[in-house]
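Chemist: Going by our numbering, the sequence shown opens with residue 1, and the numbers climb by one from there. Where a beta carbon is used, it is the ideal one built from N, C-alpha and C, also for glycine.
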Amino acid sequence: MRDAIARALTWVLALLPWTGRPQPGRHSATFFAQQATSEPVRVNPWLKPWRGPSAEMVREIFHAEEVQSLTPEQRERWWAAAFFEIGVDYDFPTNNITGAHRVAAA
């Protein structure tokens, strides 16, 4: 039975090149080999505008008068709320204050 299936499959596959196109298809190795190679596009990250908060805005949040008398836990929550108001996610860091990152718009 396997021989009959293999012979039928060989016969069908032999018919396909007869109806094929003269040029190699877009997804064949021959087509890609004929294409000219180009340099990858390099994007300079410094050309895009900064989308985060400015340094002055962040300084105002960290050095606000009402924050100075709070406990460290309250201060962290106050900073998180202040950053939330300007659209920045602030994730309560415990040792340093480098955990702020931009919130993706939903």
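With a cut-off of 8 Å on the beta carbons, I'd call Ile86 and Pro49 a contact; round off their distance for me.
Modeler: Wrong, their Cβ atoms sit about 16 Å apart, outside the cutoff.
Chemist: Fully enclosed by the region 4 to 80, which beta strand (DSSP E) runs are 3 residues long or longer?
Modeler: Runs of the beta strand (DSSP E) inside the region 4 to 80: none found.
Chemist: If Trp79 sits next to Phe62, beta carbons under 8 Å apart, how far is it from one beta carbon to the other, in whole angstroms?
Modeler: That belief holds up - the Cβ atoms of Trp79 and Phe62 are roughly 7 Å apart, short of 8 Å.
Chemist: One question on the structure: do Gly25 and Phe32 come within less than 8 Å of each other, judged by their Cβ atoms?
Modeler: In this structure, Phe32 does not lie closer than 8 Å to Gly25 by Cβ.
Chemist: Please classify Phe83 as buried or exposed, where buried requires at least 16 neighbouring CB atoms within 10 angstroms.
Modeler: Buried, by the Cβ-count rule.
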